[in-house]
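The structure appears below as structure tokens.
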Ligand code: ATP
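Residue numbers (the UniProt record's numbering): 3 to 331.
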């Protein structure tokens, strides 16, 4: 192989830069040139790319964000645009493309693979950890760390005023960040898209838990973690109902995009480096339409098909301990 291309697409995640670096260094080590398309699939459609070498990727391992920029690209959903992308790759003799992104980006990668005869390899890069076939995605550990640090701080102020805090974390339609940050920070209640029934039912459960907690504990504060966009009508509706029913002061905290930023924690650096390197190995082996994944601590080639493009289920043991542990603390 003589030339490898890489791009970052969809929601940005800490560790994407580390992954770009790994792809670049692995490609150089097998004698290939490397280019980076900018702004996700937009760069591929506009032939907007930059050469990458060991000097460009120097000190990139620890930097948040992505030097290639990430973006959504609605146009890429049209078949003629995907044909155009394949033509552009051919025009400049690319031998393999690495797409770092989430499940949406992988859907695009799969379609591109169908019309291009060189390898397209996906690397799971998303804070949501919602991709079937890989134990973890690049960015997830850092996002959890950010959420946990924030929850620890919120607890201090919640306890001082004996308030209820509703903390909104990211995850789109997946509860991974909410569930595992809640357990790791000892939150009192967690609301997940996977188990959410209705506002009325969930409110009863929250009030019941609140009641038990307030009877059992000296401090009356209460921390509720919720996945973004989950409560019908928004979190003000939840906060108003909670305040009215409990008579306790309720505050809302939306963590938002800070969860996407910052220097990646070591788990994401290591994962990004392994998966980026393995993606280049897969291109060398002429493997097509695969995800460079981590499975039981080992790199694994997982086909990008309908099974892997469904949302990953939550960890059953985390789910099991969720209620037990939050009632005990
Ligand atoms: P994250 O889950 O972290 O936000 P993602 O990769 O799932 O990342 P999306 O916005 O779903 O983010 O997708 C990113 C891009 O992938 C889209 O803007 C589009 O360019 C491409 N894409 C998504 N779905 C498809 C599809 N069905 N066909 C072709 N391309 C797609």
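Don't be surprised by glycine CBs; every beta carbon is placed ideally from N, CA and C.
Keep in mind the model is a prediction, meaning the values are calculated, not measured.
Here the alpha carbon of residue 243 sits roughly 31 Å from the alpha carbon of residue 313.
Beta-bridge partners of residue 170 (DSSP): 228 and 256. The beta carbon of residue 120 sits closer than 6 Å to the beta carbons of 97 and 98 from its chain, once the five residues preceding and following it are set aside; these are given in chain order.
DSSP places residue 297 inside the beta strand (DSSP E), whose first and last residues are 292-297. Within the same chain, Cβ atoms closer than 6 Å to the Cβ of residue 36 are found at 6, 26, 29 and 54, the five residues on either side in sequence being excluded. Taking 9 Å as the cut-off, the beta carbon of residue 140 is found no closer than this to the beta carbon of residue 300. Exclusion of the five residues before and after residue 293 leaves 108, 123, 124, 125, 126, 133, 135, 136, 303, 304, 305, 306 and 310 as the residues of its chain whose Cβ lies within less than 8 Å of its Cβ. Beyond the five residues adjoining it in sequence on each side, residue 279 comes within less than 6 Å, by CB distance, of 24 and 28 in the same chain, given in chain order. Here residue 133 carries a strand assignment [DSSP, helix/strand/coil].
In the same chain as residue 249, and ignoring 5 residues on each side of it, no C-beta atom comes closer than 8 Å to its own. In this structure, residue 165 has its CB at a distance of at least 8 Å from all heavy atoms of the ligand ATP. Between residue 165 and residue 93, the gap from beta carbon to beta carbon reaches 9 Å or more. Residues of the same chain with a CB within less than 8 Å of the CB of residue 195, apart from the 5 flanking positions on each side, are 173, 175, 176, 177, 229 and 232 in chain order.
Following the DSSP letters along the chain, one finds residue 5 inside the beta strand (DSSP E) bounded by residues 5-10. Rounded to whole angstroms, residue 168 and residue 14 show a C-alpha spacing of 25 Å. The Cβ atoms of residue 153 and residue 183 sit closer than 9 Å to each other. In the displayed model, residue 73 falls within coil according to three-state DSSP, outside both helix and strand. For residue 53, the enclosing beta strand (DSSP E) has its first and last residue at 51-54. Secondary structure at residue 301: strand, using DSSP grouped into helix, strand and coil. By the C-beta criterion, the stretch 205-223 is judged not to be in contact with the stretch 251-267, since fewer than 3 inter-stretch pairs fall below 8 Å.
Here the distance from the Cβ of residue 148 to the nearest heavy atom of the ligand ATP is not below 8 Å.
Note that the C-beta distance between residue 75 and residue 47 is below 9 Å. In terms of Cα proximity to residue 19, the closest of 285, 277, 227 and 316 is 277. The C-alpha of residue 247 is placed about 42 Å away from the C-alpha of residue 66. With a cutoff of 9 Å on beta-carbon distance, residue 269 and residue 138 are scored as near each other. Taken through DSSP and simplified to helix, strand or coil, residue 84 comes out as helix. Separation of the CB atoms of residue 271 and residue 63 is rounded to 6 Å, and the pair is thereby assigned contact status at 8 Å. Taking 9 Å as the cut-off, the beta carbon of residue 40 is found closer than this to the beta carbon of residue 70.
Assignment of residue 65 by DSSP, reduced to helix, strand and coil, places it in the coil class. A distance below 6 Å between beta-carbons, with the five flanking residues on each side excluded, links residue 52 to the following residues of its chain, in chain order: 38. Straight across, the Cα-Cα distance linking residue 225 with residue 89 is about 53 Å. The ligand ATP has no heavy atom closer than 8 Å to the beta-carbon of residue 314. At the C-beta level, residue 4 and residue 33 come within 9 Å of one another.
The Cβ atoms of residue 103 and residue 111 sit closer than 9 Å to each other.
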